[in-house]
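Below: one structure, written as structure tokens.
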Ligand code: ARG
């Protein structure tokens, strides 16, 4: 049975059938497809196109098809081109003739557009929940390390001391922004239900589109039927956010891979979250982190691929749009595999505070030395030069900054003649950066992070 066979006198060639058919991947839309069809059947009855009996037969039949999919007992037939034809074919077998009335005034074009939006709304919610779980793990690690000092880096060179809490939270905020991006995007998707757009010009039946949209959980309807059937902005937005999440996870992973290298020794992964080498018995490899870094490339590729597919499509629906689904499903699956694994990895990872503290060199306080001179009235530019000379002299003498002799210091600047020992206190240097968002303001920052988590419905610890 083909839905569109009337005008054709020949069957489709097998090669084209294989190329054209999408059921092998779009079966995942069965739940939203059936939800959408039930809403459409009700809207048709509301508009007087179907009788109440017909509507109820359709609603009951569709529920049975859904149950078959859910139980894994749905049997596909050779003519099942995509999820929409498969559901309608089975509905026909279950409910009989009346099934032929369901597609009145509807096209697979507005149907699949609606399905995809409904699926995306569910996907965005699930990814958000997984991101929140990972965020909680990051905050809990931060809470454990409010007094763990470590070198903060710029250009991957030791720069200034910070706390490990500040570093953990620097990976929390990007993910919090991703959750907000998903929520905001979902709000805009909900505002534009395409059902009722027909194939391109709109349905000729007196459908109350706003009521139909609301029955599906949307808040509004699309403004132009020709745009509505071809719009995949939401798919591109989801893939962009997925790619950005991938980038954020990759950066977190890269930091931890470096920290877990024994030359650093800052972090250790739990054995359940690292793997061994088949050859080298001593190896503890951070494979899940490497996969996070690697899979970000795949996520970026899905975004680039879909944008290339959309570019230069003529108005209205084109079959190219069927290419929207596999990248979306794969992006969702990829993140759904990564996020829980990374959550467990972060929960169980341990930092080595003594190693981190041991990596602090007094040279990381050169800025503070300059600030000390600024306090004595030396203009910052000059103070920077003097501090630079001081670092160089210490290097020449082969001593640490605080161990330069009083004569050396006096020769560098008369302002250094005083007691500069107070400058060489890492914790004090962190505490001085007490502006909002600074490393010395982490109590406030942690409170803001916990408040964010609580606002997402997670009871955050004290
Ligand atoms: N399987 C198709 C897709 O995913 C459904 C829409 C088909 N529409 C059409 N006019 N052939 O895009």
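In the numbering used here, the protein residues as written are 890 to 1351.
Just so it is clear, CB atoms sit at the ideal spot from N, CA and C, and this is done for glycine as well.
The model shown is predicted, which means the values in this text are computed figures rather than measured ones.
Item	Value
Only counting the same chain, and skipping five residues up and downstream in sequence, which positions put a Cβ closer than 6 Å to that of residue 1289?	1251
Among the residues of its own chain, which have a CB less than 6 Å from the CB of residue 1279, if the five just before and after it don't count?	1301
If contact is defined by three or more beta carbon pairs under 8 Å, each pair taking one atom from either stretch, is the region 1257–1274 in contact with the region 1167–1186?	no
From residue 1075 to residue 1055, what does the alpha carbon distance come to, in whole angstroms?	31 Å
Classify residue 971: buried if its beta carbon has 16 or more other beta carbons within 10 angstroms, exposed otherwise.	buried
Starting from residue 1042, trace the alpha helix (DSSP H) in both directions and tell me its first and last residue.	Element bounds for residue 1042: not the alpha helix (DSSP H) but the beta strand (DSSP E), 1038–1043.
Check for me: the beta strand (DSSP E) holding residue 1049 runs from which residue to which?	1046–1052
Within the continuous alpha helix (DSSP H) that includes residue 941, where are the two ends?	941–960
Have a look at residue 1253 and residue 1060 and give me their C-alpha separation to the nearest angstrom.	22 Å
Could you tell me whether the Cβ atoms of residue 1118 and residue 1220 are closer together than 7 Å?	no
Going by alpha carbons, who is nearest to residue 1096 out of 899, 1089, 1085, 1024?	1085
Any heavy atom of ligand 1 closer than 6 Å to the Cβ of residue 971?	yes
Take residue 1241 as the anchor and find which of 957, 945, 1034, 1062 has the nearest alpha-carbon.	1034
Please go through the same chain and pick out, in chain order, the residues whose beta-carbon is closer than 8 Å to the beta-carbon of residue 1333, but skip the five residues on each side of it.	1325
Output yes or no for whether 7 Å exceeds the beta carbon distance between residue 1206 and residue 909.	no
So, is residue 941 buried or exposed, given that buried needs 16 or more other C-beta atoms within 10 angstroms?	exposed
Who are the Cβ neighbours of residue 963 in its own chain at under 6 Å, not counting the five residues just before and after it?	957
Between the region 977–993 and the region 1290–1299, can you find at least three pairs of beta-carbon atoms closer than 8 Å?	no
For residue 1149 versus residue 1141, is the C-beta distance shorter than 7 Å?	no
Report whether the distance from the Cβ of residue 1210 to the nearest heavy atom of ligand 1 is below 6 Å.	yes
So residue 1276 and residue 1050 are in contact, right, with Cβ under 8 Å, and what is the actual spacing, rounded?	16 Å between Cβ atoms; not a contact.
Keeping to the same chain, check which residues put their C-beta closer than 8 Å to that of residue 978; ignore five residues upstream and five downstream.	890, 966, 968, 969
Are the beta-carbon atoms belonging to residue 933 and residue 939 less than 7 Å from one another?	yes
Let's see if you can read the secondary structure: which residues bound the alpha helix (DSSP H) around residue 1247?	1242–1247
Since residue 1052 and residue 1331 should fall inside the 8 Å C-beta cutoff, what is the C-beta to C-beta distance between them, to a whole number of angstroms?	6 Å
Excluding sequence positions up to five away, which residues of its chain have a Cβ less than 6 Å from the Cβ of residue 1041?	1048, 1049, 1051
If you count every other CB in all the chains shown that lies within 10 Å of the CB of residue 1351, and 16 or more means buried, which is it?	Because the pLDDT of residue 1351 is 44, which lies under 50, any placement of that residue in the model is unreliable, and the number read from its coordinates should be weighed accordingly. Classification for residue 1351: exposed.
What distance in whole Å lies between the Cβ atoms of residue 1191 and residue 1006, which are believed to be in contact at a cut-off of 8 Å?	Not confirmed; about 18 Å, so no contact.
Taking the alpha carbon of residue 888 as the point to measure from, which residue in 1129, 927, 1271, 1269 has its own alpha carbon closest?	The structure shown does not extend to residue 888, since the chain spans only 890 to 1351, so no value can be given for it.
Is the separation between the beta-carbon of residue 1224 and that of residue 1131 shorter than 7 Å?	yes
In the structure shown, what three-state DSSP assignment does residue 904 receive?	helix
So is residue 937 buried or exposed if we call it buried at 16+ other beta carbons inside 10 Å?	exposed
So if DSSP puts residue 1157 in a beta bridge, which residue, or which two residues, is it bridged to?	1239
Tell me, please, whether the region 1006–1015 touches the region 1067–1083 by the rule of three or more beta-carbon pairs shorter than 8 Å.	yes
Span of the alpha helix (DSSP H) holding residue 1119?	Residue 1119 -> no alpha helix (DSSP H), and no H or E assigned at all.
For residue 1134, tell me which candidate among 1171, 1110, 1164, 1231 has the shortest Cα-Cα distance.	1231
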